Amino acid sequence: MREQWQQAFRYLGFRRFLPAPGLSDWVACFWAIGEGSDFPYGSVETTYPDGGCSLTVILDGPQRGARIEFNRQTERSLFLAGPRCISARLRPGTLFHLFGVSPTELPTGTVDACQLLPLAARARLSRLLAMMSGLAVVPAIVLLEQWLSGEVQRAGCLPRTAQALSWLQQPDMRVAEVACRLGLSNRTLERRMMQQVGLSPGFYQLCLRMQVARQQLARPDTPVSQVALTCGYYDQAHFTHAFRRFTGNTPAGYRKRKLSQIYKAP
Numbered sequence: 000m001r002e003q004w005q006q007a008f009r010y011l012g013f014r015r016f017l018p019a020p021g022l023s024d025w026v027a028c029f030w031a032i033g034e035g036s037d038f039p040y041g042s043v044e045t046t047y048p049d050g051g052c053s054l055t056v057i058l059d060g061p062q063r064g065a066r067i068e069f070n071r072q073t074e075r076s077l078f079l080a081g082p083r084c085i086s087a088r089l090r091p092g093t094l095f096h097l098f099g100v101s102p103t104e105l106p107t108g109t110v111d112a113c114q115l116l117p118l119a120a121r122a123r124l125s126r127l128l129a130m131m132s133g134l135a136v137v138p139a140i141v142l143l144e145q146w147l148s149g150e151v152q153r154a155g156c157l158p159r160t161a162q163a164l165s166w167l168q169q170p171d172m173r174v175a176e177v178a179c180r181l182g183l184s185n186r187t188l189e190r191r192m193m194q195q196v197g198l199s200p201g202f203y204q205l206c207l208r209m210q211v212a213r214q215q216l217a218r219p220d221t222p223v224s225q226v227a228l229t230c231g232y233y234d235q236a237h238f239t240h241a242f243r244r245f246t247g248n249t250p251a252g253y254r255k256r257k258l259s260q261i262y263k264a265p
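Position 241 of the sequence shown, counting from 1, maps to 240 under numbering that gives the first Met the number 0, and the rest follow consecutively.
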């Protein structure tokens with residue numbers, strides 16, 4: 000596990016960590032908030048769907064325990080500066096392939112992980128939470144990483160759907176071509192994606208395009224027309240419409256807000 004410096008949300012004590020190489024196909028990152036922060040208020044931030052789930056452990060207070068959250072759409076979320084939290088951002092499909100839980104089973108908002116997971120995994124998670132009692136965030140993340148590594152060893156190799164996710168990351172790749180490469184019908188691929196990732200192939204691909212767009216728009220020197228081309232849009236107007244529908248903001252408006260946050264960050 001290696002810490003990756005982040006300017007964003009530093010006032011909340013935000014810290015981001017990259018997983019060990021053997022876990023990187025399953026976990027995108029770990030993060031923590033609340034430790035070393037004297038910021039007295041919460042912060043409302045925008046979160047975007049990407050097919051991943053968050054497994055968050057609240058280390059302090061009456062709500063101490065583990066929660067799982069899955070984003071189906073763009074949402075405004077409140078990040079509180081109160082209790083210390085750590086979280087693993089699970090990659091698309093990880094929740095299903097490690098624990099047999101489809102994201103489609105999750106209600107809107109967060110759900111208690113100890114009620115959602117199968118009995119054996121629930122028992123292992125309960126033991127993990129007991130071991131985290133009183134720990135600082137970094138040792139707690141180390142334990143969470145070790146626990147997830149054990150769950151990966153039990154699960155074995157990645158399924159074929161992981162290859163579909165990789166192909167769908169290519170902006171010029173069509174869903175029908177992905178299905179053909181896997182020897183599946185379009186309908187079968189869509190059914191498996193919904194079960195394992197919680198998103199249709201087309202919407203998953205849109206999420207990835209918008210993720211790339213948001214990253215590039217955070218750079219002031221990249222023209223919007225170039226961002227559109229990079230994301231597979233040959234018409235800037237079409238890109239602007241898709242971006243606004245997905246994020247609730249125009250590309251120019253998003254860039255202005257994002258750069259303002261970066262330059263004003265403490």
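Where a beta carbon is used, it is the ideal one built from N, C-alpha and C, also for glycine.
Keep in mind that this is a model prediction, so the values were computed, not measured.
- Rounded to the nearest angstrom, the gap between the Cα atoms of C84 and R15 is 12 angstroms.
- Taking a 10 Å sphere around the C-beta of H96, we find 16 or more other C-beta atoms and assign the residue as buried.
- For C84, DSSP records a beta bridge to I32, I57.
- In this structure, T107 sits away from S76, with a CB-CB distance that is not shorter than 8 angstroms.
- Cβ-Cβ distances below 8 angstroms link T221 to Q215 in the same chain, with the five nearest sequence neighbours on each side left out; the list follows chain order.
- For V56, the CB contacts under 6 angstroms within the same chain, skipping 5 residues up- and downstream, are A65, I85 in chain order.
- Annotation: F69 is outside any alpha helix (DSSP H); the continuous beta strand (DSSP E) that includes it extends over 64 to 69.
- Annotation for L22: no beta strand (DSSP E) segment contains it, and DSSP assigns it neither H nor E.
- Taking 8 angstroms as the cut-off, the Cβ atoms of A120 and E150 count as close.
- Nearest to L89 by alpha-carbon distance, out of Y232, Q114, F69, is F69.
- Following the DSSP letters along the chain, one finds V136 in no beta strand (DSSP E) but inside the alpha helix (DSSP H) bounded by residues 136 to 154.
- Bridge partners of R75 according to DSSP: T45.
- With respect to the C-alpha of A163, the residue from V177, S148, M130, P48 having the closest C-alpha is V177.
- Closest in C-alpha terms to Q225, from the list P250, Q194, F202, comes P250.
- For V110, the enclosing beta strand (DSSP E) starts and ends at 109 to 111.
- For P200, the enclosing alpha helix (DSSP H) covers residues 200 to 216.
- With a 10 Å radius around the Cβ and a threshold of 16 neighbouring Cβ atoms, Q72 comes out exposed.
- Excluding five sequence positions before and after R63, the CB atoms of its chain that fall closer than 7 angstroms to its own CB belong to I57, given in chain order.
- Nearest Cα to A129 within the set D59, A217, C230: D59.
- Taking all protein chains shown into account, A122 has fewer than 16 neighbouring C-beta atoms within 10 Å of its C-beta and is therefore exposed.
- In the displayed model, C52 falls within a strand according to three-state DSSP.
- A Cβ-Cβ distance of about 5 angstroms is found for the pair G50 and Y203, placing them in contact under the 8 angstroms criterion.
- Pairing L167 with P200 gives a Cβ-Cβ distance under 8 angstroms.
- With at least 16 other beta carbons inside 10 angstroms of its own, T160 counts as buried.
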